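Asks: First residue of the sequence shown? That's 1 in full-length UniProt numbering, and the numbers climb one at a time after it. My structure is below; once you've seen it, I'll send some questions.
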Amino acid sequence: PAFLMFGRHPRQPLDLLLPSPAVSDDLPSSDELSAYRKRLLVDLMP
């Protein structure tokens, strides 16, 4: 859920100690995330 709302995974204090994973090319674009979020809100709101 946090990824859909903010476009990234939440970070914990332990994440600062570990190396970041490689960025994947198959991540959705910001436009795709915005469109998905709008559709999700329309579907969930009465």
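From the three backbone atoms N, C-alpha and C, an ideal C-beta is built for every residue, glycine too. All values derive from a computational prediction rather than experimental measurement.
At which residues does the alpha helix (DSSP H) containing Asp-15 begin and terminate?
Replies: Asp-15 -> alpha helix (DSSP H) spans 13 to 17.
Asks: Would you report the Cα separation of Leu-40 and Ala-22, rounded to the nearest angstrom?
Replies: Those two C-alpha atoms are separated by around 28 Å.
Asks: Considering only residues of the segment 20 to 46, which uninterrupted beta strand (DSSP E) runs meet the minimum length of 3 residues and lie entirely inside it, listed in chain order?
Replies: As far as the segment 20 to 46 is concerned, it has no whole beta strand (DSSP E) run of at least 3 residues.
Asks: Return the chain-ordered list of same chain residues with a C-beta closer than 8 Å to the C-beta of Arg-37, the five sequence neighbours on each side being excluded.
Replies: The residues are Leu-4 and Met-5.
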